[in-house]
Amino acid sequence: MYDVVIPFPKMKVAVRTREERVAEICYLPPSVAMRTPTSALASRAARQLEQYREDPNTRFDLPLLIEGTEFQRRLWEALCEIPRGKTLTYGELARRLGVDARVVGQACGDNRLPIVIPCHRVVAADGIGGFAHATGGYLLEAKRWLLAHECGADAFELTP
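Sequential numbering from 47 applies to the sequence shown in this note's numbering.
In structure tokens, the structure reads:
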């Protein structure tokens, strides 16, 4: 059960809280019903996500429950260093971290706090790549929207 579900272009965004922290942010199909916040924290998370939806320069100050391996945490910290409106390829990020690009893709897909930890800013060398372990459908449309939103563009296009 989600603590709140809000509309975004191309998707719905849901939040789960646990231990007074945001534990998970999920991308759901656009057809999923909205849900009003079930707690003060869910309401705060919804407000900040709605602010981001309108202004990609929004800064999040939510208490986060970050669960992952030491490597995943290191990668997720690196994701937060990618500026809004910019992207890195899986290969570029892998070289920075001294690992294989597939490991980067797996850890990006395992990120339970997307948008706040911006895994959408990592793309394939030859295209947009996958998103949340998906290679098509509304999730890739959502990734394109997030990237375009942060670039201040109507659509996101990779340029060589």
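A virtual CB, placed ideally from N, CA and C, is assigned to each residue, including glycine.
Can you tell me whether residue i is buried or exposed? The criterion is at least 16 other CB atoms within 10 Å of its CB, across all chains shown.
{"i": "Asp49", "result": "buried"}
{"i": "Gly151", "result": "buried"}
{"i": "Thr133", "result": "buried"}
{"i": "Thr82", "result": "exposed"}
{"i": "Thr115", "result": "exposed"}
Which partner residues does residue i have in the DSSP bridge list?
{"i": "Phe177", "result": "Ala180"}
{"i": "Cys72", "result": "Ala60"}
{"i": "Ala170", "result": "Gly173"}
If you draw a straight line from the C-alpha of residue i to the C-alpha of residue j, how long is it?
{"i": "Arg105", "j": "Asp146", "result": "31 Å"}
{"i": "Lys56", "j": "Ser77", "result": "10 Å"}
{"i": "Arg207", "j": "Phe54", "result": "There is no way to answer for residue 207, as the model of the chain reaches only from 47 to 206."}
{"i": "Leu162", "j": "Gly175", "result": "Correcting the residue identity first, residue 162 is Val in this sequence and not Leu. So the alpha carbons of these two residues sit roughly 20 Å apart."}
{"i": "Leu121", "j": "Ser85", "result": "30 Å"}
Round the Cβ separation of residue i and residue j to the nearest angstrom and send it over; I've been treating them as touching at under 8 Å.
{"i": "Arg130", "j": "Asn103", "result": "7 Å"}
Under 8 Å between the Cβ atoms of residue i and residue j?
{"i": "Val59", "j": "Ala79", "result": "no"}
{"i": "Leu111", "j": "Ala69", "result": "yes"}
{"i": "Leu108", "j": "Ala91", "result": "yes"}
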